[in-house]
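Peer 1: Here's a structure for you.
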Amino acid sequence: MNFSFIFDNLEYLMIGAWPNGPVGGLALTLLLCVFSAVLSALFGLLSGILLVMSGHKWQLVLVAILGFFRAIPILMLIFWIYFLLPMTLGISAPKVQTIVLALSLVGGAYLGHSVAAGLRSVGDDQWAAGLALGFNRWKVLWFLILPQALPRMAPSFINQCISLTKDTSLAYIIGTQEFLTLARQIDGRLTGAYSTEIYLFVGIVYFVLCMTLSFFAERINKHYSKERQFV
Numbered sequence: 001m002n003f004s005f006i007f008d009n010l011e012y013l014m015i016g017a018w019p020n021g022p023v024g025g026l027a028l029t030l031l032l033c034v035f036s037a038v039l040s041a042l043f044g045l046l047s048g049i050l051l052v053m054s055g056h057k058w059q060l061v062l063v064a065i066l067g068f069f070r071a072i073p074i075l076m077l078i079f080w081i082y083f084l085l086p087m088t089l090g091i092s093a094p095k096v097q098t099i100v101l102a103l104s105l106v107g108g109a110y111l112g113h114s115v116a117a118g119l120r121s122v123g124d125d126q127w128a129a130g131l132a133l134g135f136n137r138w139k140v141l142w143f144l145i146l147p148q149a150l151p152r153m154a155p156s157f158i159n160q161c162i163s164l165t166k167d168t169s170l171a172y173i174i175g176t177q178e179f180l181t182l183a184r185q186i187d188g189r190l191t192g193a194y195s196t197e198i199y200l201f202v203g204i205v206y207f208v209l210c211m212t213l214s215f216f217a218e219r220i221n222k223h224y225s226k227e228r229q230f231v
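Below is the structure:
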């Protein structure tokens with residue numbers, strides 16, 4: 001195997017055409033992951049809280065919405081946002097924003113149920129204690145329940161971030177200049193002579209990123225498991 005061409009194109013794979021053009025490559029992949037992770041965490045946290053705090057009818061509506069985004073393939077959602085929105089509503093969605101929105105909606109839908117489960121895992125006695133102190137339900141949630149539930153949710157958030165890291169590779173389908181897209185460009189420029197090497201390199205990079213996040217998820221899970229043993 002010959003990996004010398006990777007070193008010749010390493011800067012392009014890492015940052016794309018930047019600073020003479022828009023950022024791309026692995027840098028754009030990481031940016032897509034970060035923005036998608038933040039937005040999906042916010043969406044998941046909000047939807048999970050509403051699942052716990054809303055009335056039965058609103059819960060059914062929210063479960064249906066979350067179920068829709070959990071059921072639909074991410075690739076299909078990307079197509080809908082990028083191609084159907086301009087045709088049906090006249091709303092043009094840029095490529096990067098399309099990917100971030102699609103990943104955030106799907107990731108947030110999964111996290112919503114994880115957040116709800118984390119909140120419900122806190123004993124009813126905590127709710128009763130807060131209400132006995134004169135707090136309303138939202139204050140009990142904010143001051144008593146969330147501080148206890150968030151550490152339990154942390155592994156779910158990191159696991160979702162791992163999933164988002166892999167799913168950013170779907171951005172190539174609409175020509176977003178992220179890591180896999182640039183790797184495919186280089187492969188095409190070399191007429192497929194080094195396809196094995198370049199896709200092996202791409203796989204190794206994704207493996208390192210995901211294993212790093214998995215390591216942190218495991219450490220956090222062990223840390224809070226030990227804490228719960230002493231509570």
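Residue 1 is where the sequence shown starts when you use the UniProt record's numbering, and the numbers rise one by one after that.
Cβ coordinates follow ideal geometry from the N, Cα and C atoms, glycine included.
Note that the coordinates shown come from a computational prediction; the quantities given were computed from them, not determined experimentally.
If you scan the stretch 93-155 from start to end, which runs of the alpha helix (DSSP H) of 4 or more residues do you find wholly inside it?
Peer 2: Counting only runs of 4 or more, we get 95-120, 124-132, 137-140.
Peer 1: Where do the ends of the alpha helix (DSSP H) carrying GLY21 lie?
Peer 2: From DSSP, GLY21 is part of no alpha helix (DSSP H); its letter is neither H nor E.
Peer 1: Could you spell out the range, first to last residue, of the alpha helix (DSSP H) harbouring GLU178?
Peer 2: Premise fails: GLU178 is in no alpha helix (DSSP H) and is neither H nor E.
Peer 1: Work out the CA separation of SER121 and ILE158 for me, nearest whole Å.
Peer 2: For ILE158 and SER121, the distance between alpha carbons rounds to 19 Å.
Peer 1: Out of GLY112, GLY24, ALA93, GLN177, which one is the CA nearest neighbour of PHE69?
Peer 2: Comparing Cα-Cα distances from PHE69 to each of GLY112, GLY24, ALA93, GLN177, the minimum goes to GLY112.
Peer 1: Please go through the stretch 50-92 and give each complete alpha helix (DSSP H) segment of 4 or more residues, from N-terminal end onward.
Peer 2: Counting whole runs of 4 or more residues, the stretch 50-92 contains the alpha helix (DSSP H) stretches 56-71, 74-79, 85-88.
Peer 1: Quick check on GLY192: does DSSP put it in helix, strand or coil?
Peer 2: Of the three classes helix, strand and coil, the one that applies to GLY192 here is coil, per DSSP.
Peer 1: For ASN2 versus GLU218, is the C-beta distance shorter than 9 Å?
Peer 2: Not closer than 9 Å, so no.
Peer 1: Kindly give me the distance between the Cβ atoms of THR168 and LEU32, rounded to whole angstroms, as I take these residues to be in contact under 8 Å.
Peer 2: Contact holds; Cβ gap of about 5 Å.
Peer 1: I believe GLY16 touches GLN177 by the beta-carbon criterion, under 8 Å. Please report the beta-carbon distance rounded to the nearest angstrom.
Peer 2: Correct: roughly 5 Å between the Cβ atoms.
Peer 1: Between which residues of its own chain and LEU131 is the CB-CB distance below 8 Å, once the five residues before and five after are set aside?
Peer 2: Excluding residues within five positions, the ones whose Cβ falls inside 8 Å are ARG137, VAL140.
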